[in-house]
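The opening residue of the sequence shown carries number 1 in full-length UniProt numbering; numbering runs sequentially from there. Have a look at the structure below, then the notes.
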Amino acid sequence: MLRGASVDFRWRPVAAAWYLGVGDEIAPGTSAFIRKLAVRRAWAKKGVSTELLSFARAHARALARPYLRLDCVADRLGLRDLYEHFGFAVHSVIRKGTVSFARDELQTTQ
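Quick look at the structure:
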């Protein structure tokens, strides 16, 4: 059970919609991607993000994808810290217009 969670049967959303997909411009057939991972502020620091990342890693393994990848705005240090503590490492940083994006990857075979 998630830290701080209790069962009260008043179902409310915890995480925003997110997408786990496949396809890869780095090396075709090697990765699953997380897009749009978001957790409600009320559930921050209660393990929801970690549970979602764990699910995504397991799903990538089931798809026989050796990498799980995601990207985020490079200056979102709190978010990048979460990903780093989970085991992601920066693969590259790209720039789109005036914004830099960190592209992170996690080996799913570990």
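Glycine included, every Cβ here is placed at the ideal spot set by N, Cα and C.
For this session: Determine, using beta carbons only, whether arginine 61 and arginine 103 come nearer to each other than 8 angstroms.
Result: The residue given as residue 61 occupies position 61 in the sequence shown. The residue given as residue 103 occupies position 103 in the sequence shown. Their beta carbons are not under 8 angstroms apart, which means arginine 61 does not touch arginine 103 by this criterion.
Exercise. In the structure shown, what three-state DSSP assignment does leucine 63 receive?
Worked result: Taking the sequence shown and counting its residues from 1, one reaches residue 63 at position 63. Coil at leucine 63, not helix or strand.
For this session: Compute the Euclidean distance between the alpha carbons of isoleucine 94 and leucine 37, then round it to the nearest angstrom.
Result: Counting from 1 along the sequence shown, the entry for residue 94 is found at position 94. Counting from 1 along the sequence shown, the entry for residue 37 is found at position 37. Near 19 angstroms, if we compare the C-alpha coordinates of leucine 37 and isoleucine 94.
Exercise. Helix, strand or coil: which one does DSSP assign to alanine 27?
Worked result: Taking the sequence shown and counting its residues from 1, the one referred to as residue 27 is at position 27. DSSP places alanine 27 in coil when its eight states are reduced to three.
Problem set entry | Beta-bridge pairing of arginine 103 - partner residues as DSSP gives them | Sequence index remark: in the sequence shown, residue 103 carries index 103 (1-based). Partner(s): Asp71, Ser92.
Problem set entry | Residue from Ala64, Lys46, Glu51 with nearest C-alpha to proline 28 | As a first step, residue 28 must be located in the sequence shown, where it is residue number 28. Checking every option, the nearest Cα to that of proline 28 belongs to Ala64.
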